[in-house]
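Q:
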Ligand SMILES: [Zn+2]
């Protein structure tokens, strides 16, 4: 599906970065499995010059996006777990000690967040299309609906009127985020609270993480474009905070407009010139890293079997002589990437991996990996793109 209208303000959204044959991410192959037919597709980043919202030019069909063994689960990821803790801390700061009657989590994944807030909520409902064709996890007191939120009537849920709507890292996957926010605002009780979290485009630009632009994330919210979207949907700003280490995420609390709250704080609108300048810097860093990789001492191993690694390889112009990506998760040993000539191995199965160059390949987990490598002392350690 080709996109041309801004998902926030409805104005024209036009190409700012072309991404021809951008690889699909998250396509891991277990031993014996073969690659799906499509492992890359033309893509582009669009920008609205009116409100500064960025979005993908094409939404790939789900059967292509989720063709591999796409198995992301929050509780299994330390990074996502600490992100959830940051989110529940923010909820406590916005609504200290408050008990809610009925919480809905849009994009509930493995119910990790709903489990964390169990003590302060009466009824709990989780909604996620990942449970449309699979048995959902069983959690006492939680009703799970395997559907998209657009297909659910939030005013007719078993748990009664909703006074807390949570939505973490879901809105960026949705082609029409405005419809989801309107739907949530329409359904929530007059005294209800909504707390959403999305990856932040401001930080993506600031830290030159253009490898975080991938086919699954259709929307790239800056603080300015997110605040504007909420206001246009009839939401009233309550509070927001940034989580700099976790996708530069923007957390925002809001409620139905009552006219009592001040407007959202002002935030800089992302400009086309700004995006292009940062992208040019990113290209220079990526090319320099690619050159270091080509000249690296052998053997070359990656560390961290990240979902986004195909994107990083795309921007670096390949991964040099790398054939193995080390990962501490033993259950991934022997997995391959559908679109990279790489096998995932547990370090204990690769003797001599410290003798050459180790490249940090999971940039969102760079800190714990670096901590480990500082102890293991490989001959050379290479951190692509340099920000930690
Ligand atoms: Zn716009």
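Residue numbers (my numbering): 819 to 1206. In this text, a Cβ means the ideal position worked out from N, Cα and C, and glycines have one as well.
Per DSSP, what are the beta-bridge partners of residue 985 in this structure?
A: As a first step, residue 985 must be located in the chain shown, where it is residue number 167. Answer is 1014, bridged to residue 985.
Q: Compare the C-beta of residue 837 with all C-beta atoms of chain C and state if any pair is closer than 9 Å.
A: Of the protein chains in the structure, only one exists, and it is not chain C.
Q: Using only alpha-carbon positions, find the residue among 1127, 1151, 1021 and 918 that is nearest to residue 840.
A: To locate residue 840, count along the chain shown from 1; it is residue 22. For residue 840, the nearest C-alpha among the options comes from 1127.
Q: Which one of 1034, 1058, 832 and 1171 has the shortest CA to CA distance from residue 858?
A: Locating residue 858 in the chain shown gives position 40, where the first residue counts as 1. Minimum Cα distance to residue 858 is reached at 1034.
Q: What first and last residue would you give for the alpha helix (DSSP H) that runs through residue 934?
A: Within the chain shown, numbered from 1, the residue matching residue 934 stands at position 116. Per DSSP, residue 934 belongs to the alpha helix (DSSP H) from 930-934.
Q: Could you give the residue range of the beta strand (DSSP E) that holds residue 862?
A: Looking up residue 862 in the chain shown gives position 44. Note, residue 862: beta strand (DSSP E), 858-866.
Q: Let me check understanding here. Comparing Cα to Cα, which of 1015, 1155, 970 and 1104 lies closest to residue 1135?
A: As a position in the chain shown, residue 1135 is number 317, starting the count at 1. Out of 1015, 1155, 970 and 1104, 1104 has the C-alpha closest to the C-alpha of residue 1135.
Q: Just the C-alpha distance for residue 1094 and residue 835, rounded to the nearest angstrom, thanks.
A: Taking the first residue of the chain shown as position 1, residue 1094 is located at position 276. Taking the first residue of the chain shown as position 1, residue 835 is located at position 17. Computed Cα separation, rounded: 8 Å.
Q: Could you give the DSSP three-state label for residue 1127: helix, strand or coil?
A: The residue labelled residue 1127 in the question sits at position 309 within the chain shown. In this structure, residue 1127 counts as helix in the three-state DSSP scheme.
Q: By how many angstroms is the C-alpha of residue 945 removed from the C-alpha of residue 976?
A: Numbered from 1 along the chain shown, position 158 holds the residue referred to as residue 976. Numbered from 1 along the chain shown, position 127 holds the residue referred to as residue 945. Roughly 13 Å between the two C-alpha positions.
Q: Our contact map puts residue 978 next to residue 919 with C-beta atoms below 8 Å; I'd like the distance itself, whole angstroms only.
A: Here residue 978 refers to the residue found at position 160 when the chain shown is read from its first residue. Here residue 919 refers to the residue found at position 101 when the chain shown is read from its first residue. So it is a contact: roughly 7 Å between Cβ atoms.
Q: Leaving out five residues before and five after residue 1148 in sequence, what residues of the same chain have Cβ atoms less than 7 Å from its Cβ?
A: Here residue 1148 refers to the residue found at position 330 when the chain shown is read from its first residue. Hits under 7 Å: 1164.
Q: Keeping to the same chain, check which residues put their C-beta closer than 6 Å to that of residue 875; ignore five residues upstream and five downstream.
A: Within the chain shown, residue 875 is the residue found at index 57, counting from 1. Closer than 6 Å at the Cβ level, and outside the excluded window around residue 875, lie 821, 862 and 864.
Q: Buried or exposed for residue 1058, going by 16 or more other Cβ atoms inside 10 Å?
A: Here residue 1058 corresponds to residue number 240 of the chain shown, with the count starting at 1. Residue 1058 comes out buried.
Q: Would you tell me roughly how many angstroms separate the C-alpha atoms of residue 1089 and residue 1179, rounded to the nearest one?
A: The sequence position of residue 1089 within the chain shown is 271, counting from 1. The sequence position of residue 1179 within the chain shown is 361, counting from 1. So the alpha carbons of these two residues sit roughly 30 Å apart.
Q: In the DSSP assignment, find the alpha helix (DSSP H) that holds residue 1097 and state where it starts and stops.
A: Within the chain shown, residue 1097 is the residue found at index 279, counting from 1. Start and end: 1090-1112.
Q: Which of the three DSSP states, helix, strand or coil, is assigned to residue 855?
A: Position 37 of the chain shown, counted from the first residue, corresponds to residue 855. Residue state, collapsed to three classes: coil.
Q: Run through DSSP, which three-state label would residue 1149 get?
A: Position 331 of the chain shown, counted from the first residue, corresponds to residue 1149. Here residue 1149 sits in helix by DSSP.
Q: Can the beta-carbon of residue 1027 be found less than 9 Å from the beta-carbon of residue 1205?
A: Here residue 1027 refers to the residue found at position 209 of the chain shown. Here residue 1205 refers to the residue found at position 387 of the chain shown. Yes, they are a contact pair.
Q: For the beta strand (DSSP E) containing residue 840, name the first residue and the last one.
A: Locating residue 840 in the chain shown gives position 22, counting from the first residue. Where residue 840 is concerned, the enclosing beta strand (DSSP E) stretches over 831-841.
Q: In the region 1001-1074, which residue ranges form an unbroken beta strand (DSSP E) of at least 3 residues, counting only runs that do not cross its ends?
A: With a minimum length of 3 residues, the continuous beta strand (DSSP E) runs that stay inside the region 1001-1074 are 1006-1016, 1053-1061 and 1067-1074.
Q: Taking residue 945 as part of the beta strand (DSSP E), name the residues at either end of that continuous run.
A: Numbered from its first residue, the chain shown carries residue 945 at position 127. From DSSP, the beta strand (DSSP E) with residue 945 extends over 939-945.
Q: In chain order, what residues of the same chain lie with their CB nearer than 8 Å to the CB of residue 917, ignoring the 5 residues before and after it?
A: Counted from its first residue, the chain shown places residue 917 at position 99. Hits under 8 Å: 938, 939 and 940.
Q: Using a Cβ-Cβ cut-off of 7 Å (strictly less than) and excluding sequence neighbours within five positions of residue 873, which residues of its own chain qualify?
A: Within the chain shown, the letter at position 55 stands for residue 873. Correct list, in chain order: 821, 825, 831, 864, 1036, 1037 and 1038.
Q: Just verifying my parser: in three-state terms, what is the DSSP assignment at residue 1190?
A: Position 372 of the chain shown holds residue 1190. Residue 1190: helix per DSSP, three-state reduction.
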